[in-house]
Amino acid sequence: MDLPINPGLLLALIIVLIGIVIIAKGLVIVRQSEVMVIERLGSFNRLLESGINIIIPFIEQPRAITMIRYQKRGEEYFPITTSEVRIDRRETVMDFPGQPVVTTDNVTVRINGALYFQIIDPRRAVYEVENMSQAVEVLAKTTLRSVVGKMELDKLFESRAEVNNEIQAAMEEPASKWGVKISRVEVQDIAMPEEVEEAMRLQMAAERKRRATVTEAEGEKAAAIAKAQGQRESAILNAQGDKESAILRAQGEQESIKLVLSAIGDSDEHKRTVVGYLLGQSYIKALPTMAQEGERVFVPYESSALLGSMGMFREMAGSPEDSVAQHLRGSDRQSGFRSGIVGGAASS
0 MDLPINPGLL LALIIVLIGI VIIAKGLVIV RQSEVMVIER LGSFNRLLES GINIIIPFIE
60 QPRAITMIRY QKRGEEYFPI TTSEVRIDRR ETVMDFPGQP VVTTDNVTVR INGALYFQII
120 DPRRAVYEVE NMSQAVEVLA KTTLRSVVGK MELDKLFESR AEVNNEIQAA MEEPASKWGV
180 KISRVEVQDI AMPEEVEEAM RLQMAAERKR RATVTEAEGE KAAAIAKAQG QRESAILNAQ
240 GDKESAILRA QGEQESIKLV LSAIGDSDEH KRTVVGYLLG QSYIKALPTM AQEGERVFVP
300 YESSALLGSM GMFREMAGSP EDSVAQHLRG SDRQSGFRSG IVGGAASS
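Under numbering that gives the first Met the number 0, the residue at position 322 of the sequence shown is numbered 321, and the numbers go up by one with no gaps.
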């Protein structure tokens, strides 16, 4: 059977339902590291921080922000655009597709980079720029082209850290107007044309070969210098030895001549006889060596005269040894001492 509907009860139920909806709409829970921009009747009112917040439904509304993210599928990047009312304050990475860049030496390379940024002022990120993520991406690409376009290809490979720092410094001022902080920029990959890559391989091989040649030449140079120094020191030592040996021989001959002259007398005639005798001995000692070097031996004319002097010396005083011995025996008898016989120059 039909029950009568009380208008008052129905109105109460409607009011309760409206209250529940208002409470559900007005109660907002914001998670940690997130923030919401609230507008009241279309104008900025406040920011909702993390925790439980209450807004006036239908009068206060959160303002959404547009974000573009890239999803990599294979070798291709596909942009995904989202509209988010909860703004993430954490550091975000944007891995945008590779960009063709021309260096100063007219080489076109494709550079793939990654951008790390953080929203530090959500109000500016929403109101100062229409699409914050797209603006940051375009700024990163144009700055990358500007910085790399002032470098040569070899310098680009050697100065990646310098490129990253220069791009970051160039982006800081315009990004700060949008309430965005650029944490860092990383150049991930540099792709070159095949012909340029092959030319760089050949250049690298030639450079390594040049270094090996230079190293080998330096080693040979050091070895030659060491060998020359050794030969120089050896020649100096040999010359010093020859000098000392010649001095000793000359001193010995001098003592021998003095001894012979003291034995037979020191008159001019005796001096000439002794000198001729010693020269004759030198000739006689050299004759065996001369005979070994050839089948025939030519005796100089002066040698016959010297040999004659030696014969005359023997006729006058017997032999130099006998004269020296007789002289020493006479000296011993006068002084009363006995001494051994001292021989002069050896006879042939």
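We put the beta carbon where it would ideally sit given N, CA and C, even for glycine.
Report buried or exposed for Phe336, applying the criterion of at least 16 other Cβ atoms within 10 angstroms of its Cβ. With a pLDDT of 35 at Phe336, under the threshold of 50, the predicted position of this residue should be treated as unreliable, though the coordinate-derived value follows. Phe336 comes out exposed.
Quick one: give me the first and last residue of the alpha helix (DSSP H) that Asn164 is part of. It spans Arg159 to Lys176 - the alpha helix (DSSP H) in which Asn164 sits, taken as one unbroken run.
Integer-rounded CB distance, given that Ile189 should sit under 8 Å from Leu155: Confirmed, Cβ separation roughly 7 Å.
Using the beta-carbon count (16 or more within 10 Å), is Thr142 buried or exposed? That one is buried.
Work out the CA separation of Asn105 and Met66 for me, nearest whole Å. Distance between the alpha carbons of Met66 and Asn105: 35 Å.
Stretch-stretch touch, CB-based, cutoff 8 Å, three pairs: the segment 159–167 with the segment 77–86: No contact exists between the segment 159–167 and the segment 77–86.
DSSP three-state call for Leu40: helix, strand or coil? Secondary structure of Leu40 (DSSP, three-state): coil.
Do Ala169 and Val146 come within 8 Å of each other at the CB atom, strictly closer than that value? With respect to Ala169, Val146 sits close: the two C-beta atoms are nearer than 8 Å.
Since Thr141 is in the beta strand (DSSP E), which residue starts that stretch and which ends it? Here Thr141 belongs to no beta strand (DSSP E); instead the alpha helix (DSSP H) covers Met131 to Val147.
In angstroms, rounded to a whole number, what distance separates the CA positions of Ser182 and Ala23? If I take the Cα positions, the gap works out to 38 Å.
For Glu165, count the other beta carbons within 10 Å of its own beta carbon; 16 or more makes it buried, fewer makes it exposed. Which is it? Under this definition Glu165 is a buried residue.
Which residues does DSSP list as the beta-bridge partners of Val20? Residue pairing by DSSP places Val20 in no beta bridge whatsoever.
According to DSSP, which residues form a beta bridge with Thr91? Answer is Phe116, bridged to Thr91.
Using CA coordinates, which residue listed in Arg207, Lys226 and Arg88 is at the minimum distance from Val29? Minimum Cα distance to Val29 is reached at Arg88.
Buried/exposed call for Glu410, threshold 16 Cβ in 10 Å: The question about residue 410 has no answer, for the chain in this structure spans 0 to 347.
CA-CA distance, Asn130 and Glu59? When rounded, the distance between both Cα atoms is 22 Å.
Which of helix, strand or coil does DSSP assign to Thr272? Thr272 falls in the helix class under three-state DSSP.
Mind checking whether Val34 and Leu46 have CB atoms under 8 Å apart? In contact: Val34 and Leu46 (Cβ atoms closer than 8 Å).
Can you round the beta-carbon distance between Gly354 and Pro121 to whole angstroms, since I take them to be within the 8 Å contact cut? Any property of residue 354 remains undetermined from this structure, which presents the chain solely from 0 to 347.
How about Val108 and Gly148: are their beta carbons less than 8 Å apart? Not in contact: Val108 and Gly148 (Cβ atoms no closer than 8 Å).
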